[in-house]
């Protein structure tokens, strides 16, 4: 992270710590990918909770993320700085709504989510450009997660062997 941003955020601040993906967003290259990877242990830990609890946790991550990302962006004085990756973590949780967690589904879901997050097809790209603040930071990744989730569900129906590789 550049020196001027480093002075504005602190890993001792719980809001910054979470928004920066437990520090994963501070990795100088591909912070979004590392933020998405930070979600994997959480997803594995949550694989044993009930579906209702997983949905509730995903909603909490998404709503709280609006504050976390917006506040950290304000503190950094930069809209959607690359090191803010809580949106990727929440997007990964959306990706796995109603999807059984396995090594295969984690791999395929991760790749799909990153593709949608990076390529930003319609309407993700429009939202990314037009919406600002915490809502704008979060919404494009939540939509990327919803699109990845839809693809995972299509795979589960039409090509289940793709998710049973390992």
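In the UniProt record's numbering, the protein residues as written are 1 to 166.
Ideal Cβ placement from N, Cα and C applies to all residues, glycine included.
Residue j beta carbon less than 8 Å from that of residue i
{"i": "residue 144", "j": "residue 109", "result": "no"}
{"i": "residue 65", "j": "residue 87", "result": "yes"}
{"i": "residue 44", "j": "residue 101", "result": "yes"}
{"i": "residue 81", "j": "residue 132", "result": "no"}
{"i": "residue 38", "j": "residue 89", "result": "yes"}
C-alpha distance - residue i paired with residue j, whole-angstrom precision
{"i": "residue 13", "j": "residue 128", "result": "26 Å"}
{"i": "residue 155", "j": "residue 104", "result": "12 Å"}
{"i": "residue 48", "j": "residue 60", "result": "18 Å"}
{"i": "residue 25", "j": "residue 42", "result": "16 Å"}
{"i": "residue 138", "j": "residue 9", "result": "19 Å"}
{"i": "residue 126", "j": "residue 30", "result": "22 Å"}
{"i": "residue 40", "j": "residue 76", "result": "26 Å"}
{"i": "residue 11", "j": "residue 107", "result": "29 Å"}
{"i": "residue 158", "j": "residue 152", "result": "10 Å"}
{"i": "residue 163", "j": "residue 98", "result": "14 Å"}
{"i": "residue 142", "j": "residue 27", "result": "22 Å"}
{"i": "residue 111", "j": "residue 140", "result": "16 Å"}
{"i": "residue 120", "j": "residue 50", "result": "31 Å"}
{"i": "residue 1", "j": "residue 134", "result": "In this prediction, residue 1 has a pLDDT of 42, which is less than 50 and means its spatial position is unreliable; what the coordinates show is noted afterwards. Using only the alpha carbons, I get a separation of about 20 Å."}
Exposed unless 16 or more other CB atoms sit within 10 angstroms - verdict on residue i
{"i": "residue 74", "result": "exposed"}
{"i": "residue 136", "result": "buried"}
{"i": "residue 56", "result": "exposed"}
{"i": "residue 52", "result": "exposed"}
{"i": "residue 62", "result": "buried"}
Chain-order list of residues whose beta-carbon lies under 7 Å from that of residue i (same chain, five-residue window excluded)
{"i": "residue 116", "result": "124, 144, 147, 148"}
{"i": "residue 113", "result": "36, 91, 92, 95, 144, 145, 148"}
{"i": "residue 18", "result": "68, 86"}
{"i": "residue 15", "result": "68, 71, 72"}
{"i": "residue 84", "result": "19, 20, 25, 69, 72, 73, 137"}
{"i": "residue 54", "result": "46"}
{"i": "residue 22", "result": "38"}
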